[in-house]
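Please read the structure below before turning to the comments.
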Amino acid sequence: MMVCYPYCGNGAVIMTNSDLGVHQMEGIIGEVVKTLSL
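Numbering (the working numbering), first residue to last: 74 to 111.
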């Protein structure tokens, strides 16, 4: 998953090697994005 905010100058690339079974933002990736508070 790639999250970027070009006008703010922030971004992140998050890679996992598993099938989470839920939407990306509801699983561990969503928790990481919320923690980064981009």
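Just so it is clear, CB atoms sit at the ideal spot from N, CA and C, and this is done for glycine as well. None of these values were measured; they are calculated from a predicted model.
Can the beta-carbon of residue i be found closer than 9 Å to that of residue j?
i     : j     : result
Val95 : Ala85 : no
Quick one: does residue i have its CB under 9 Å from some CB of chain D?
i     : result
Val76 : The displayed structure is made up of one protein chain only, and chain D is not part of it.
Measuring only the C-alpha atoms, how far is residue i from residue j?
i      : j      : result
Met88  : Cys81  : 22 Å
Leu109 : Glu99  : 15 Å
Lys113 : Ile101 : Limits of the chain in this structure are 74 at one end and 111 at the other, which puts residue 113 out of reach.
Ser91  : Gln97  : 11 Å
Val105 : Met74  : 11 Å
Just to confirm the assignment, what range does the beta strand (DSSP E) spanning residue i have?
i      : result
Gly112 : As shown, the chain starts at 74 and ends at 111. That puts residue 112 outside it, with no answer to give.
Met98  : Per DSSP, Met98 belongs to no beta strand (DSSP E) and is neither H nor E.
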